[in-house]
Amino acid sequence: MDTHVDAWLETAFPRLLPEFLPAQRWFGGKSRSIQSVDFEDAVWLPDARRAALVIVRVGYAELTRERYAMLLGLFDELPQLPVIGRLEPPGPPLWVVEAATDASAALSLLRGFDTPRSWPTRRGGTLRFGDAGEAAARALAGANESAVRSVGTEQSNTSVRFDRTLVLKLFRKLDEGENPELEIGRFLTTRTTFRAMPRIQGSLTYLSARGDASTVGVLQDWVENRGDGWSYLVALLRQLPSGPDGAGLLRQDLFKLGATTAEFHAALATDAGEPEFAPEPVTAADVAAWEASLLERTSHTSTLVERTFRGWPEDARLLGESLVALQGRAATLAKAPPLAGGGFHKIRVHGDYHLGQTLKTADGFVLIDFEGEPASPLAERRLKQCALKDVAGMIRSFDYAVETVRKQRSDDSANVPSAELLREWFLDGYLSSSAAHHAVFLPKDRPSLGAWIEFFEMEKALYEVEYEINNRPAWVHLPLRGVLRILRARA
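When you number the sequence shown by this note's numbering, it's gap-free, plus one each residue, and the end is 499.
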């Protein structure tokens, strides 16, 4: 690409981003004040119609910084893609757009996996293609743009699929280090027999001139599916016929989902020789750290509720008052269960597990998106945790599914099974499969197991209260009910 375009990238382009970025769904800093955007690096993609992978660094008012990956495209005529700006003479006039879903740009990235290679960047870095094998090469042989399709709306990443064979996920926010999506996916693909997940077929890594590595993308198997688990369960609940036969399919599906979740945890706990995945006994220090984290969240959430509940609808306001009234007993109510019966082990976990992180297939469920909670630091997402943290996340999503359907079926809501019943069916599958795998990652006795599920469920529900206050106040009553149910039982 000519020097005029390169100069524009380093000067004019960053000045356009403070206005452009907050409007993008994948941008994680929408609620923060952008102070600066700096161009960091770029690599022009071969075989594409004037496209570049660009790394930018965003600075915020609180003096923190984040890095983002963008795929830019330059067009003579305005395409139906998000417009960033326009290049004017002395060079040819060109529209500059965000082109991650453009078939030409995406295909150029995909072809890098055909024969894994490294592409030099403008500032002495490298874009490295790795983890690719014969399956990717065979699938991409003779590839053309007509086979490339956008997967659809995503919260923090952008994915395109090639034919019905592969899917390329482009991570937008870049952390230094290997993304858990790649790390866990590679481990499951190469070191276990667990296959209820998209196998890794390639990785895309950016290495800066200093040698710092960040995962930019992963290439995975495309999984034929009937939609994500959330959409499937809500649709099933909405159409559920009355009578015992109506609940039969639902119970069977939730049992399968629970069993698959246990198989996932068992697979993550299989390799004692891999330091990053070897199960480790939960220690008193671990329990103290989990307890301190829950106490801090309890205090923070209660303070946030106290500041805001007076403007809520009456039912939510009364729930808010009840939570605030319990604030003085937070230290007691946030107490972790004892490590009874010899304790259990901590393992690598999903970290952001709920119905939307599964796909419904013809014969069960597939688990996806192993990167953890994107807003959390990478080091925190890679920590070994109690497997019941994932279980609690899934259980909480049942509350949301049932509430969603009851709002839509107000005339016939009595026919919708309770969230408690969905939880029971899911746990039946999870515990049955865990027992078959002799799970070291669970407490041995049922009362202790129930207490730990409750502990992590409260943590998740408190997180949801904060999220709903900041994003969807009309839904804050739902997680508040969950928090109060647990707190009152403990009280």
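A virtual CB, placed ideally from N, CA and C, is assigned to each residue, including glycine.
Using the Cα positions of residue i and residue j, report the straight-line distance between them to the nearest angstrom.
i	j	result
Arg75	Asp14	20 Å
Leu71	Arg146	47 Å
Leu386	Asn423	43 Å
Lys181	Glu472	23 Å
Pro100	Trp298	58 Å
Leu245	Asp220	48 Å
Phe202	Asp229	14 Å
Ala77	His273	31 Å
Asp122	Phe47	29 Å
Arg136	Tyr475	37 Å
Ala50	Leu24	17 Å
Ala293	Pro283	19 Å
Phe464	Ile403	10 Å
Ile42	Val64	13 Å
Arg1	Pro346	In the structure displayed, the chain extends from 9 to 499; residue 1 sits before or after that span and is not available.
Lys415	Arg454	34 Å
Trp460	Ala497	14 Å
Leu95	Leu17	10 Å
Pro98	Thr11	11 Å
Leu148	Pro481	47 Å
Gln335	Ala499	12 Å
Ser426	Pro321	24 Å
Report yes if the CB atom of residue i is closer than 8 Å to the CB atom of residue j, and no otherwise.
i	j	result
Ala400	Lys468	yes
Gly437	Ala267	yes
Leu190	Gln209	no
Leu375	Ser405	no
Asp360	Glu381	yes
Ile494	Val484	no
Phe352	Leu435	no
Ser164	Trp34	yes
Glu379	Arg389	yes
Lys368	Gly237	yes
Gly349	Ser239	no
Arg131	Ala217	yes
Ala108	Leu212	no
Leu176	Leu248	no
Arg489	Leu312	no
Thr278	Thr166	no
Leu466	Val448	According to the sequence displayed, residue 466 carries Met and not Leu. No. Outside cutoff.
Gly37	Tyr68	yes
Leu430	Leu262	yes
For a test of the three-state rule: what should DSSP assign to residue i, helix, strand or coil?
i	result
Thr161	coil
Ala338	helix
Phe137	strand
Tyr475	helix
Ser216	coil
Ala144	helix
Ala77	strand
Pro455	helix
Glu288	strand
Glu153	helix
His353	strand
Tyr68	strand
Phe179	strand
Thr223	strand
Gly185	strand
Gln228	strand
Glu48	strand
Thr369	strand
Trp320	coil
Ile376	coil
Arg40	coil
Gln260	helix
Ala499	coil
Trp103	strand
Write down the C-beta distance between residue i and residue j rounded to the nearest angstrom, noting that I regard them as a contact closer than 8 Å.
i	j	result
Val45	Pro30	Not really, about 11 Å apart at Cβ, beyond 8 Å.
Leu265	Arg356	That pair is no contact at about 20 Å.
Leu80	Ala60	5 Å
Ala280	Pro287	7 Å
Leu102	Leu86	Going by Cβ atoms, the distance from Leu102 to Leu86 rounds to 10 Å, so no, they are not a contact pair.
Thr309	Leu470	5 Å
Glu393	Lys354	Reading the sequence as shown, one finds Gln at residue 393 and not Glu. Confirmed, about 6 Å.
Trp433	Arg234	About 19 Å; that fails the 8 Å criterion.
Any heavy atom of the ligand SAM closer than 7 Å to the beta-carbon of residue i?
i	result
Leu396	The ligand content of the structure shown is nil, which means the ligand SAM is not present either.
For the stretch 332-342 against the stretch 299-308, do three or more pairs of beta-carbon atoms, one drawn from each stretch, fall closer than 8 Å, so that the two count as touching?
yes
Assess, as a yes-or-no matter, whether the stretch 307-318 is touched by the stretch 435-446 under the definition of 3 or more beta carbon pairs within less than 8 Å.
no
Stretch-stretch touch, CB-based, cutoff 8 Å, three pairs: the stretch 193-207 with the stretch 368-382:
yes
Determine contact between the stretch 82-94 and the stretch 170-186, defined as no fewer than three beta-carbon pairs at a distance below 8 Å.
no
Meets three-Cβ-pair contact criterion under 8 Å: the stretch 161-178 and the stretch 107-125:
yes
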